[in-house]
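A.B. asks: Count along the sequence shown from 1, then add 254; that gives the number in the working numbering.
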Amino acid sequence: SIPSLKETFKNDFLIGTAINPAQIEEKDPAAARLIPMQFNAVTPENSMKAAFIHPGWDQYNFTLADQLVEYGKKHHIKITAHTLIWHSQLPGFVRGMKNPDSLRQYFTNHITTLASRYDGKVFSWDVVNEALDDNGSLRQSIFLQQLGEDYIVEAFRLAQQAAPHTELYYNDYNIEQPKKRAGAIALIKKIKKAGVRIDGVGIQGHWRASHIPLAEIEQSILDFSALGVKVMFTELDLSVLPNPWDRDNADVSATADNSTAKDPYPNGLPDSMQTVLAKGYEDLFNLFVKHKDKISRVTFWGVNDGQSWLNNFPVRGRTNYPLLFDRAFNAKPAFYSVIATGKER
Ligand code: G3I
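1) Consider the C-beta atom of GLU536 and the heavy atoms of ligand 1; say whether any pair is separated by less than 7 Å.
2) Do VAL543 and THR488 have their C-beta atoms within less than 8 Å of each other?
3) Specify whether the segment 514-532 and the segment 573-593 touch according to this definition: at least 3 beta carbon pairs, one from each stretch, less than 8 Å apart.
4) What do you reckon, are the CB atoms on ILE331 and PHE293 nearer than 8 Å?
5) Suppose the cutoff is 6 Å on Cβ atoms and the five residues either side in sequence are ignored; what does the same chain contact list for LEU481 look like?
6) Quick one, are the C-beta atoms of SER474 and ILE445 less than 8 Å apart?
7) Roughly how many angstroms separate the alpha carbons of PRO467 and THR553, rounded to a whole number?
8) State the start and end residues of the unbroken beta strand (DSSP E) segment that holds PHE347.
9) For SER464, which three-state DSSP category applies?
10) Should ASP404 be labelled buried (16 or more other beta-carbon atoms within 10 Å of its own) or exposed?
11) At a cut-off of 7 Å, would you count ASN574 as near ligand 1, judging by its Cβ distance to the nearest heavy atom?
12) So, at 6 Å on beta carbons, what are the nonlocal neighbours of VAL323 in its own chain, with the 5 sequence-adjacent residues on each side left out?
13) Could you tell me the distance, in whole angstroms, from the CA atom of PHE589 to the CA atom of TYR519?
14) May I ask you to report which of helix, strand or coil DSSP gives SER526?
15) For LEU344 versus ALA305, is the C-beta spacing smaller than 8 Å?
16) Between SER378 and ligand 1, is there a pair consisting of the residue's CB and a ligand heavy atom that are separated by less than 7 Å?
17) I believe ALA416 touches VAL381 by the beta-carbon criterion, under 8 Å. Please report the beta-carbon distance rounded to the nearest angstrom.
18) Quick one: residues in its chain with C-beta nearer than 8 Å to the C-beta of ASN300, no 5 flanking neighbours on either side, listed in chain order?
19) When you measure from the CB of TYR427 to every non-hydrogen atom of ligand 1, does any distance come out below 7 Å?
20) From the DSSP output, which residues share a beta bridge with GLY556?
21) How is THR297 classed by DSSP in three states: helix, strand or coil?
22) Here's the rule: buried if 16 or more other CB atoms are within 10 angstroms of the residue's CB, otherwise exposed. What is LEU259?
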């Protein structure tokens, strides 16, 4: 048997994973065994997004979310529901909306229905997801265009009214980067100034194993916690493959040329890259442990490499290896490097 992540960090922060329906329904026996041993927090990877849970005006698919609540209760796992307001994965009936009054009615119904139904059953909600541009201003979206720039404050206000017993978070990627971080800070201050509750901020953490922005991450932990909100890493994975748009791929053994190959490592991830991945996770977790008093949760975006969205992004069908467990659920060297950061104290 292997050590447990949740036990190793139990005095520091929660350890979470994104979870999919087969895992919730325990149709995936290996995952069903591993998840409760290793994790004390879960986030549904897709099943509580608007397109899945609210496909028509008066039509809701609560089944998977209700199963998730039962699953969490059974295994003493905290659930972060994901996500109420996001420009992506919107149902068709919302995507085509031209009338701001209809959109506002959807917005109010959606938040109120879901936040109230799961209040006291989930631990937290990602109320708004990815509302900022890389330059720190509000991202163009159907919500910004039709509801105006106060829509984020309004989303938190509605969630607060409907879910008084649920923690409410803002979640985004790249918010460790200075410009976007400044935008997130301004947003959190605006919500607080309006007298509306926001409990935490989620830094997603989709990075490349060889290019982790450690200094910016550390500054973000300090800056966000100074606002009096919980700081979380919510969608952690470390890609071992170059992105087609990256100029400098020199430190990655896959060349720019084979970065679009479906599997750049047909014989499995080589030791050299296992080491790069393990080092990336080690550096990150050393930082997390250093600031454990300011970090409340670290969630991986998937249990094992086979589940990762990075197998379809930025190159569809490309085999990636970003997580702590391989496709056969074996713990990788990166798993042990993470465990070591918690043990060596
Ligand atoms: O469920 C349908 C299925 O019915 C259909 O046959 C199939 C055909 O493509 O698609 C299935 O939906 C897919 C869904 O995952 C569930 O598997 C979507 O196409 C696919 O786009 C979707 O991808 C998800 C992605 O969000 C959507 O934007 C990834 O699994 C999920 O990991 C990813 O997660 C996001 C976070 O929510 C927010 N932050 C970024 C992160 C990574 O993109």
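Think of the CB as a built atom: it goes at the ideal place given N, C-alpha and C, for glycine as much as any other residue.
If you're wondering where the values come from, they're calculated on a predicted model, not measured in any experiment.
C.D. replies: From the atom records:
1) To locate residue 536, count along the sequence shown from 1; it is residue 282. No, the Cβ of GLU536 stays beyond 7 Å of every heavy atom of ligand 1.
2) Residue mapping note: residue 543 aligns to position 289 of the sequence shown, counting from 1. Residue mapping note: residue 488 aligns to position 234 of the sequence shown, counting from 1. It is not a contact, given that the beta carbons lie outside the stated cut-off.
3) yes
4) The residue labelled residue 331 in the question sits at position 77 within the sequence shown. The residue labelled residue 293 in the question sits at position 39 within the sequence shown. For ILE331 and PHE293, yes; Cβs fall inside 8 Å.
5) Working through the sequence shown from its first residue, we reach residue 481 at position 227. Counting only Cβ-Cβ distances below 6 Å, and skipping sequence neighbours, we find ILE442.
6) Against the sequence shown, residue 474 aligns to sequence position 220. Against the sequence shown, residue 445 aligns to sequence position 191. No; because the gap between Cβ atoms is not below 8 Å, this pair is not in contact.
7) As a first step, residue 467 is located in the sequence shown; it is residue number 213 there, counting from the start. As a first step, residue 553 is located in the sequence shown; it is residue number 299 there, counting from the start. Per the coordinates, the alpha-carbon of PRO467 lies some 18 Å from the alpha-carbon of THR553.
8) Along the sequence shown, one-based indexing puts residue 347 at 93. Note, PHE347: premise wrong, no beta strand (DSSP E); alpha helix (DSSP H) at 346-349.
9) Position 210 of the sequence shown holds residue 464. SER464 falls in the coil class under three-state DSSP.
10) Here residue 404 refers to the residue found at position 150 when the sequence shown is read from its first residue. If you draw a 10 Å sphere on the C-beta of ASP404, you find fewer than 16 other C-beta atoms in it, and that means exposed.
11) Stepping through the sequence shown from its first residue, residue 574 is reached at position 320. It does not: the Cβ of ASN574 is nowhere closer than 7 Å to a heavy atom of ligand 1.
12) Along the sequence shown, read from residue 1 onward, the residue named residue 323 stands at position 69. Closer than 6 Å at Cβ, skipping near neighbours: LYS375.
13) Counting from one through the sequence shown, the residue named residue 589 turns up at place 335. Counting from one through the sequence shown, the residue named residue 519 turns up at place 265. Approximately 20 Å between the Cα atoms of the pair.
14) The residue labelled residue 526 in the question sits at position 272 within the sequence shown. DSSP places SER526 in helix when its eight states are reduced to three.
15) Your numbering for residue 344 matches position 90 in the sequence shown. Your numbering for residue 305 matches position 51 in the sequence shown. Taking 8 Å as the Cβ cut-off, LEU344 and ALA305 qualify as a contacting pair.
16) Translated into the one-based positions of the sequence shown, residue 378 becomes position 124. No, the Cβ of SER378 stays beyond 7 Å of every heavy atom of ligand 1.
17) Within the sequence shown, residue 416 is the residue found at index 162, counting from 1. Within the sequence shown, residue 381 is the residue found at index 127, counting from 1. Rounded, the Cβ-Cβ distance is 11 Å, inconsistent with contact.
18) One-based indexing of the sequence shown puts residue 300 at position 46. Hits under 8 Å: ASN274, PHE306 and GLN343.
19) Here residue 427 refers to the residue found at position 173 when the sequence shown is read from its first residue. Correct: TYR427 has its Cβ closer than 7 Å to ligand 1.
20) Position 302 of the sequence shown, counted from the start, is the residue given in the question as residue 556. None; GLY556 has no bridge partner.
21) Within the sequence shown, residue 297 is the residue found at index 43, counting from 1. The answer is strand: DSSP assigns THR297 an E or B state.
22) Residue mapping note: residue 259 aligns to position 5 of the sequence shown, counting from 1. Buried: at least 16 other Cβ atoms inside 10 Å.
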